[in-house]
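Participant:
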Amino acid sequence: MFVEVAKVQDLLPGGMKMVKAGSDEIVLCNSAGNIYALDRRCGHMNSGLEWGSLDGDILTCPFHHVQFDITTGEALNVPIPDYVPDPLPENWSRFLNYQDNLTRHISICDIGTYTTKIEGDRIMVDIDSRKSSHKCF
Amino acid sequence: MEVESRKKALHYFFEKVVGPMGYKFAPDAELVDFLLTQEVELERKLGSPFCPCQARVGRRADDMRVVCPCIPFHREHYDYMKRCWCGLYVLKDETSVEDLPQIPYSEFLRRTGKIVR
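So the protein sequences, as listed, match chains A and B. Positions 1 to 137 (the working numbering) are the ones given, in order, by the first sequence. Positions 1001 to 1117 (the working numbering) are the ones given, in order, by the second sequence.
1. For F137(A), which residues in chain B fall below 9 angstroms Cβ to Cβ?
2. Would L1035(B) pass as a contact of L1088(B) if the rule is Cβ separation under 7 angstroms?
3. So, helix, strand or coil for R1065(B), using DSSP?
4. Determine, for N34(A), whether the minimum Cβ-Cβ distance to residues of chain B falls below 7 angstroms.
5. Pop quiz: I111(A) and G43(A) are said to be a contact at Cβ under 8 angstroms. What is the actual Cβ separation, rounded to whole angstroms?
6. Just to make sure I have the definition right: I need the residues of chain A whose C-beta is within less than 8 angstroms of the C-beta of R1006(B). Which are they?
7. Please tell me whether G1113(B) has its Cβ less than 7 angstroms away from any Cβ of chain A.
8. Got a sec? Which residues, its chain only, sit under 7 angstroms from A1026(B) by beta carbon, not counting five neighbours each side?
9. For I111(A) and chain B, any beta-carbon pair shorter than 7 angstroms?
10. Taking only three categories from DSSP, how would you classify V5(A)?
11. When you compare only the Cα positions, how much space is there between V125(A) and D24(A)?
12. Does any CB atom of chain B fall closer than 7 angstroms to the CB of P13(A)?
13. Less than 6 angstroms between C-beta atoms, sequence neighbours within five positions excluded: which residues of the same chain meet that for K1024(B)?
14. Does the segment 4-13 of chain A touch the segment 27-43 of chain A, meaning 3 or more C-beta pairs lie closer than 8 angstroms?
15. On the criterion of 16 or more Cβ atoms from any shown chain inside 10 Å, does A37(A) qualify as buried, or is it exposed?
16. Can you check whether the CB of L76(A) is closer than 7 angstroms to the CB of R1006(B)?
17. Check the Cβ of G1047(B) against every Cβ in chain A and list those closer than 8 angstroms, keeping chain order.
18. Going by Cα to Cα distance, which pick from C29(A), V84(A), T60(A) and V78(A) is closest to C136(A)?
19. With 16 other CB atoms within 10 Å as the buried threshold, where does A1029(B) fall?
20. Can you list the alpha helix (DSSP H) stretches of 4 or more residues lying completely in the segment 1050-1098 of chain B, in chain order?
21. Are the C-beta of A1009(B) and some C-beta of chain A separated by less than 7 angstroms?
Encoded structure:
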């Protein structure tokens, strides 16, 4: 079922926008005039992807810089390690080791995509069309 | 993560970085494909697409100088060789990487008179 989620003028080329369609949180992406709709949450640690950056068909998560192909939802890389100053105070170092132990086994999963269409100035998303490969690594 | 998809993404991003510096991917598609595959493997293991042809020393400040494309950190040296160390990139007017030998950094310094022996 197609529902209106935004107006065409809300989404300039290269832009992203978070919308809600029913209970789904979706991020709309405008890549060179083509509109794509994907799960809003990153397949790594659930960050809101609309705060990331869109370059061509590649969306980069703002949190750990995992990238996704917006045409397929495929996750393209592993998280990029943050810069850590060296030497670190010992309590920081212990905290980061702890955090690292908690997060090192988190998988990175492909995200879902939706079918979109434009009707007049309305962007429509088929909320029943969510597709995901369910692949994680 | 499919290796081919990641290679395509790296190719897309790297081209945007090296182009304005006067470089392009080497005309040898097989070499480019092989080197990008190695970079994808290194990225998967270490988090960054390190140059597959240069050693990492374990100090971040030094290791970041060999994350591909590392041209900005070795600009004079690579401009002199007309290629990057791996041969993944060559200057835009070059048609082959095979005619462009690797020149060790010490030899580059000697030839250009940057150190006097």
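Each residue gets a CB set at the ideal place from its N, CA and C atoms; glycine is no exception. Values in this document were obtained by computation on a predicted structure and should not be read as measured data.
Facilitator: In brief:
1. M1001 and R1044
2. yes
3. helix
4. no
5. 5 angstroms
6. L76 and N77
7. no
8. V1032, G1087, L1088, Y1089, V1090 and V1097
9. no
10. strand
11. 11 angstroms
12. no
13. K1092
14. yes
15. buried
16. yes
17. V78, P79, I80 and P81
18. V78(A)
19. exposed
20. 1060-1063 and 1075-1081
21. yes
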